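This report refers to the structure that appears directly beneath it.
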Amino acid sequence: MAPALAAHFPDIKTYAGIGLDDASASVRLDMTPQGFHGQVLTAGGNSFYIDPVSRNDARHYLGFYQRDMNRAAAGSAIACGFAPTAAELKTQAARLAVLAGAAMARSSGPQLRTYRLALACTPEYALTKGNTVAGVMAAEVTTVNRVVGVYEKELAVRMVLVPNNDKLIFLSGVGPQPPTPYSNSSGSAMLSQNQTNIDQLIGPANYDIGHVVSTGGGGWAYFGVVCSSTWKAAGVTGSPSPVGDAFDIDFVAHEMGHQFAGNHPFNGNAGNCAGGNRNPSTAWEPGSGSTIMAYAGICGSSNDLQPNSDPTFHTGNYQEMRAFIEATTCSVESPTGNTAPTITAPASGKTLPISTPFKLTASATDAENDALTYSWEELDLGSAGAPTTAQVPGDNVPLFRSFYPTASGTRYFPRLSNLVANTTAMGERLPSVTRALTFRCTARDEHNGPAGIIGGVNFSPLVSLEVSSTAGPFVVTAPNTAVFWTGGTAQTVTWDVASTTNAPVSCALVNLRLSLDGGLTYPIVLAQNEANDGSAVVIAPSPITAQTRARVMVEAADNYFFDISNADFTITPPAVGPTITSFTPTGGLGGAVVTVFGSNFTGATAVSFNGTVATSFTVNSSTQLTAMVATGTTTGPISVVGPAGTVTSAMPFVVGAPPVISGFSPTTGPVGTSVIITGSDFSGTTQVAFNGTIAPAFTVNSATQITATVPGHATTGSISVITPVSTGVSANSFTVIPAPFIASFTPTAGAGGTVVVLTGGYFTGATQITFNGTVAPAFTVNSATQITVTVPTGAATGPIAVTSAGGVGTSTAQFVVAPANDLCGNALPLACGQTLIGTTVRATATGDPTTACTTAVDGGGVFYSITGTGASFTVSTCNAGTNYDTKLFVYSGTCGAYTCVGGNDEDDNCTTGSTASTVTFNSVASTQYLVFVSGYNGDTGTFVLSATCARPTSAPTITSLSPASGPVGTLITVTGTNFTGATVLTLNGAAITGFTLVNATTITFTLPAGATTGNVVVTTPGGASAGSPFTVTTPTVTTNATTSEFSVWPNPVAGNGALQVKLAARAAKATLTLRSVVGQLVSTRTFSGSATELATAGLAAGTYLLTVQAEGRSPSIRRVVVE
């Protein structure tokens, strides 16, 4: 749908897709108020559809193969009223002649041509869709979506419903009717009616192709009218059942094909194929034909090839329609990103014998590597007739029907499935007379590109062949029945040459091939380039399993004809002699029973031990027999005699007594323990094992004693001694004390002194734990599976090892030993003027800052601590000794509660390289700062860290006190210079605690109780200031936080509370002002009377200055603390 039309019907959606596991498959889907509809087109004729069971049922759906549809049975057996005029055919012939040599006349794909479609309906059609505009539009969209799915794939043509297509929907007895009424049952009349209506309602300039759907009148269309100025809407499709594939593909796509200049390709002469519907110049398909423009299913039993049309165009229709499309000028072209396949075909000029199968093979390549399909089709013209009409020499009637494209470039004529079954299918006849044959192969791709899923199509040059009645039929005569071959034997294949060595066939050589799947494939070459003399001796394949569906093909080596066996035959594998793979026991005395393993023991006639016949033997199966050793037997191989030969074992059966283990000592120990085994018949021992684990070393001390070492990975179990005679197994088990093992440990990294928990097994009795070889001074075995150990001082990164009586267990993972100051709590001291060498190698991220401080924190680092002096500090790694890309951070606060002071990644002013880092900050006296050194993006290495501390250049000065006098509780502002780093503030020699250093020029403090009149002095690292006098006065009012002018309470006050302010004397007007300690105005207002209230909601916690000035009085200031 055009975008405007789609917006008008938002409940109608269409979709296109391509197969994931079958790249040749394409899908068209739609969701409408009438339910879901699906069309899937695949290679090989397996296309299928999904439709609602009925129009008003959106819950139940039918899924069916397209080949199972029967449009005649569905009540849709209508015929097409199309009959091109002589003038139209002449125009089409001229168009083909002009474009025959042009590339686009034989291929498509690079450009998509989009045409505007105006689709009308009769009121009778509307009744079948619920007689609503939405119902009709949904049905029309389903039909167009399916038709476009075929046209895009076959012709690179798209049709889009015009924006106002709903104006062409005419309901029965409801709403506006067509300006010129439709004759629903007369297709020929509706041609002109539709042209008039669409021109009036849509406008001739606003569409490229018009069509009308109805419930009667059959199919009618004018030939090649798309884009014309007069009859481009002359297309009609009428069916009593206008629904489903039979309507959409067989009829709508068919009639629109006429509008795109496609002719009828069928050659039938009965049913609807008769009566002038056949076009002699395009009658390429036998009988009813099977492609879109043919009449499949409506020409009667003598002509119908199948019930309905395949959704593809015959190669001849494709050529004439593409020629017309290339000549149109009204479409919109858009690039697809696709190129048509390149195809090659076999040579022309061969002569075939009559009544003989043949095959043609094409190959194609595609620039976009899209999936390719192939379709071989006949392009012969002859007299009209049924597909069974007797052949006449020289009458080149079409013999071979069109099939849906497949993934194979080879087509067998007729299909192998019919040859194997010895049947003949309608529409596939071997030529039985002298005549000509003409074929062409069409290659298609399936490209999913910017324009959608558009097919690329190209066809091969014509392959012209001759058929001669002087030769043939060429037939295989043997094997031609259910015979038996034995693998590896010589077999004779015969065939009737039937004069094929003579001219004009002239076939001198043949190839012989073998099928094992009943004649559907022939992968095995029995012989190549054999003389075409009627007989050849071949060797049946061997080795081979039994095959019951074998067939032979004899094919011309320098031509296209062949024949195959008429029936399946059997190939059996050759008889095979016995084999011996092993036997047990491997030795013993007379009377011992030996089990022999191998193959092909069935039918064995004798068993012997070094030439001495066994006392008796039993064949248990084809792979196993048992035999009793005869008395007097000597050491030697075992022999088995079977119907197909004799086999002798590679290893000897040793005659003698088996070893016996009577005891061993010690009975327990770890790996590596030396064990003395006692018993008898130990001479010639070849192996000693502990519970199946072979001991790497042992010594046979005598026939009654062996010394063996417990091997690594041994487990508790019996001891076995193996001699050439047999195996002796101890009655008791040797207990292996296992070595400890470490499965995991936590933490995985830390400095010396870190407590580590080991998890594993067999820890009981552990005597030592080491970290990369350094012995841990203390550890605790908590259980057999857990140990707690402290990392020793001086340990280096490496594995942890646990030693016990069972051996040493070493961890596969390494414990990373971090620097001593890896954790914040182990920060090393740093002082002004000091330079230190440090490292971040193996530093962990445990306890490190995680939020950015000027720059992001990357990876693990180490900590240092420095105390502020009140002066400017600079910490830096700018030193030639720093060998990696550092990051440097300074924090106040405590471990785990870091407050960013400053950070730096790269110091561009560093002369040793910009990858060093520098942070400068103003320190607060007596404040502890944490210096954190890490690396960019996790980089680690050695660094040189220095701390430089500036000192004030002059002592502080006091320029004023405000106020210069006041009682206890007065907030006093000290103004002056060089206050940075102030450490002490005194009044009359007494230290004032809790003063606030606002900035380098301002200090505030509240006059404490007990203060006396005297000088205020400020002391900084730069010295002490001269004194500035302050007079302490006596208050006249004594209340909670009062002065002589006003009182305020509570103080401190909660952040969501309120201050009560009360004047000492009633005032007609008073101004209340609240400021921060740095003078920033927070709020101000006026009031009258003697009291008011100030809400503290929304105020940040901290100290504020509250000023009250009554009219005619001097202002008073109080410090207020908000918690």
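Going by the numbering used here, the sequence shown opens with residue 901, and the numbers climb by one from there.
From the three backbone atoms N, C-alpha and C, an ideal C-beta is built for every residue, glycine too.
On a predicted model such as this, the values are computed, not experimentally measured, just so you know.
Residue(s) in a DSSP beta bridge with T1389:
Position 489 of the sequence shown, counting from 1, holds the residue named residue 1389. In DSSP, T1389 forms no bridge with anything.
Could you tell me the alpha carbon to alpha carbon distance between P1537 and S1522, rounded to whole angstroms?
For this step, residue 1537 is matched to residue 637 along the sequence shown. For this step, residue 1522 is matched to residue 622 along the sequence shown. Going from the Cα of P1537 to the Cα of S1522 covers about 20 Å.
Identify, in the order they occur along the chain, each residue of the same chain with its Cβ nearer than 8 Å to the Cβ of T1690, setting aside the five sequence neighbours on each side.
What you label residue 1690 is simply residue 790 of the sequence shown in a count that begins at 1. Excluding residues within five positions, the ones whose Cβ falls inside 8 Å are G1653, T1654, V1655, V1656, A1676, P1677, A1678 and F1679.
CB of D1468 within 8 Å of CB of A1456, strictly
Numbered from its first residue, the sequence shown carries residue 1468 at position 568. Numbered from its first residue, the sequence shown carries residue 1456 at position 556. Not closer than 8 Å, so no.
Taking Cβ to Cβ, would you say N1084 is nearer than 8 Å to G1117?
As a working note, residue 1084 is residue 184 in the sequence shown. As a working note, residue 1117 is residue 217 in the sequence shown. The answer is yes: Cβ separation under 8 Å.
Whole-angstrom Cβ separation of F1946 and A1964, contact assumed at under 8 Å?
Here the question's residue 1946 lines up with position 1046 in the sequence shown. Here the question's residue 1964 lines up with position 1064 in the sequence shown. At roughly 6 Å, the Cβ-Cβ gap stays under 8 Å, so F1946 and A1964 are in contact.
According to DSSP, is N1453 helix, strand or coil?
Locating residue 1453 in the sequence shown gives position 553, where the first residue counts as 1. Residue identity check: residue 1453 is Met in the sequence provided, not Asn. M1453: strand per DSSP, three-state reduction.
Taking only runs that begin and end inside the segment 996-1080, name each unbroken alpha helix (DSSP H) of 4 or more residues, in chain order.
1023-1027 and 1033-1055
Cα-Cα separation, P1559 to A1614:
Reading the sequence shown from its first residue, position 659 is the one you call residue 1559. Reading the sequence shown from its first residue, position 714 is the one you call residue 1614. Their backbone Cα atoms lie some 22 Å apart in a straight line.
With a 10 Å radius around its C-beta and 16 neighbouring C-beta atoms as the bar for buried, classify S926 as buried or exposed.
As a working note, residue 926 is residue 26 in the sequence shown. Result: buried.
Could you pull out every residue in the same chain whose Cβ sits closer than 7 Å to the Cβ of N1915, ignoring the five residues on either side in sequence?
The count along the sequence shown starts at 1 and reaches residue 1915 at position 1015. N1888, G1927, S1928 and P1929.
For T1774: DSSP bridge partner residues:
Reading the sequence shown from its first residue, position 874 is the one you call residue 1774. Answer is T1820 and T1848.
So P1543 packs on G1498, CB below 8 Å; how close in whole Å?
Counting from 1 along the sequence shown, the entry for residue 1543 is found at position 643. Counting from 1 along the sequence shown, the entry for residue 1498 is found at position 598. Going by Cβ atoms, the distance from P1543 to G1498 rounds to 15 Å, so no, they are not a contact pair.
So G1119 and G1087 are supposed to be a Cβ contact under 8 Å. How far apart are they, rounded?
Walking along the sequence shown from the start, residue 1119 turns up at place 219. Walking along the sequence shown from the start, residue 1087 turns up at place 187. Indeed, because the Cβ distance is near 7 Å, the residues count as touching under 8 Å.
Excluding sequence positions up to five away, which residues of its chain have a Cβ less than 6 Å from the Cβ of A980?
Residue numbering aside, residue 980 sits at position 80 when the sequence shown is read from its first letter. It should be noted that the sequence gives Cys, not Ala, for residue 980. These residues qualify, in order along the chain: G1119.
Span separating the alpha-carbon of Q934 from that of A1039:
Along the sequence shown, read from residue 1 onward, the residue named residue 934 stands at position 34. Along the sequence shown, read from residue 1 onward, the residue named residue 1039 stands at position 139. Cα to Cα, the separation comes out at about 8 Å.
When you compare the segment 1265-1272 with the segment 1237-1245, are there three or more beta-carbon pairs, one atom per stretch, that lie closer than 8 Å?
yes
Confirm, please, whether the CB-CB distance from V1961 to T1919 is below 8 Å.
For the purposes of this step, residue 1919 is taken as the residue at position 1019 of the sequence shown. For the purposes of this step, residue 1961 is taken as the residue at position 1061 of the sequence shown. Not in contact: T1919 and V1961 (Cβ atoms no closer than 8 Å).
Using beta-carbon positions only, say whether V1831 and I1766 come within less than 8 Å of one another.
Position 931 of the sequence shown, counted from the first residue, corresponds to residue 1831. Position 866 of the sequence shown, counted from the first residue, corresponds to residue 1766. Cβ atoms of V1831 and I1766: closer than 8 Å.
In DSSP terms, what S1618 is bridged to
As a working note, residue 1618 is residue 718 in the sequence shown. According to DSSP, which records beta bridges pairwise, S1618 is partnered with S1633.
For a test of the three-state rule: what should DSSP assign to S1583, helix, strand or coil?
The count along the sequence shown starts at 1 and reaches residue 1583 at position 683. Coil, per DSSP.
Between the segment 1360-1373 and the segment 1330-1344, do three or more beta carbon pairs fall short of 8 Å?
yes
Buried versus exposed call for E2023 [16 or more other C-beta atoms within 10 Å across all chains shown]:
By one-based count along the sequence shown, residue 2023 stands at place 1123. Answer is exposed; the Cβ neighbour count stays below 16.
Through-space distance from V1113 to P1142, alpha-carbon basis
As a first step, residue 1142 must be located in the sequence shown, where it is residue number 242. As a first step, residue 1113 must be located in the sequence shown, where it is residue number 213. Approximately 8 Å between the Cα atoms of the pair.
Assumed close pair V1393, L1412 - CB separation to whole angstroms, cut-off 8 Å:
The sequence position of residue 1393 within the sequence shown is 493, counting from 1. The sequence position of residue 1412 within the sequence shown is 512, counting from 1. About 6 Å; that satisfies the 8 Å criterion.
N-terminal and C-terminal residue of the alpha helix (DSSP H) that S1516 is part of:
By one-based count along the sequence shown, residue 1516 stands at place 616. It is not in any alpha helix (DSSP H) - S1516 instead sits in the beta strand (DSSP E) that spans S1516 to S1521.
Hey, would you say S1846 sits closer than 8 Å to N1878, going by beta carbons?
Your numbering for residue 1846 matches position 946 in the sequence shown. Your numbering for residue 1878 matches position 978 in the sequence shown. Cβ atoms of S1846 and N1878: not closer than 8 Å.
With respect to 7 Å, is the separation between the Cβ of S1442 and the closest non-hydrogen atom of the ligand SAH below this value?
Questions concerning the ligand SAH fall outside what the structure shown contains, since it holds no ligand whatsoever.
State yes or no: is the C-beta of Y1791 within less than 8 Å of the C-beta of C1753?
As a position in the sequence shown, residue 1791 is number 891, starting the count at 1. As a position in the sequence shown, residue 1753 is number 853, starting the count at 1. Result yes, Cβ atoms of Y1791 and C1753 sit closer than 8 Å.
If contact is defined by three or more beta carbon pairs under 8 Å, each pair taking one atom from either stretch, is the segment 1185-1196 in contact with the segment 1023-1035?
no
Note down the Cα distance separating L905 from I912, rounded to an integer number of angstroms.
Taking the sequence shown and counting its residues from 1, one reaches residue 905 at position 5. Taking the sequence shown and counting its residues from 1, one reaches residue 912 at position 12. Using only the alpha carbons, I get a separation of about 10 Å.
Cβ contact check for the segment 1379-1392 and the segment 1466-1486: 3 or more pairs under 8 Å
yes
Return the first residue and the last residue of the beta strand (DSSP E) that N1429 is part of.
Here residue 1429 refers to the residue found at position 529 when the sequence shown is read from its first residue. Where N1429 is concerned, the enclosing beta strand (DSSP E) stretches over I1424 to A1431.
If you draw a straight line from the alpha carbon of G919 to that of L1281, how long is it in whole angstroms?
As a working note, residue 919 is residue 19 in the sequence shown. As a working note, residue 1281 is residue 381 in the sequence shown. Roughly 37 Å between the two C-alpha positions.
Along the chain, where does the alpha helix (DSSP H) that runs through I1225 open and close?
Start at 1 with the first residue of the sequence shown, and residue 1225 comes out as number 325. T1215 to A1227 is the span of the alpha helix (DSSP H), which, as asked, contains I1225.
Simplified DSSP assignment, three categories, for L920
As a position in the sequence shown, residue 920 is number 20, starting the count at 1. It is coil, neither helix nor strand.
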